[in-house]
Amino acid sequence: MRNLIAAVGLLVTALLAWPAHAAGGFKARGFFLPDGAVKVDEDRYRLPQAWEEAVKFYRATYPPAKFPRRTLRNQSGVRAMHISNSSPAEWEGANLYETSRGEVRVFVMGKPEKAEEPAPPMPVPPRKAEQPRPRKSGNP
């Protein structure tokens, strides 16, 4: 019986620790967005949560130990932070910011696409060996 209770306890703990994105939402370039997020432009989304709730969501979804954060410079009272991704995923980072109207938005930055390498240059054909010019028949 104790083993069963311990197993149920572990299961409940695991379910509570499960990342917030398991509850719903969708991905943009592999970056999780919460339920209710609305696309407003290319790679830009408006979130339904307030700033504090959005920060909590991303702290649970992307732990700071694996996904470093830094505060972006405050511009006219706008709160903003950058979440970095060093793993090989589609997204390189994301900016989470609050607009002056109190809307919380996310800008997802994709990994830079590798430029197609140019084809190697064509080999230069070897020069013909210089041959002596034939002498005019009148000269010895």
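In the working numbering, the protein residues as written are 554 to 693.
C-beta atoms are modelled at their ideal positions from N, C-alpha and C, and glycine is treated no differently.
Fair warning: this is a prediction, and the values are worked out from it, not measured in the lab.
DSSP three-state assignment for residue i, whether helix, strand or coil
i, result
"residue 614", "helix"
"residue 677", "coil"
"residue 683", "coil"
"residue 642", "coil"
"residue 670", "coil"
Identity of the residues DSSP links to residue i by a beta bridge
i, result
"residue 578", "Answer by DSSP bridge pairing: none, since residue 578 is not bridged."
"residue 600", "657"
"residue 624", "634"
"residue 592", "598"
"residue 651", "657"
"residue 663", "644"
Distance between beta carbons of residue j and residue i, contact taken as under 8 Å
i, j, result
"residue 621", "residue 637", "5 Å"
"residue 661", "residue 600", "That belief does not hold up - the Cβ atoms of residue 661 and residue 600 are roughly 12 Å apart, past 8 Å."
"residue 649", "residue 607", "6 Å"
Cutoff 8 Å: residue i Cβ touching any chain C Cβ
i, result
"residue 603", "Chain labels in this structure do not include chain C; a single protein chain is all it has."
The segment 673-680 in contact with the segment 652-659 per 3-pair CB rule at 8 Å: no
The segment 580-596 in contact with the segment 639-646 per 3-pair CB rule at 8 Å: yes
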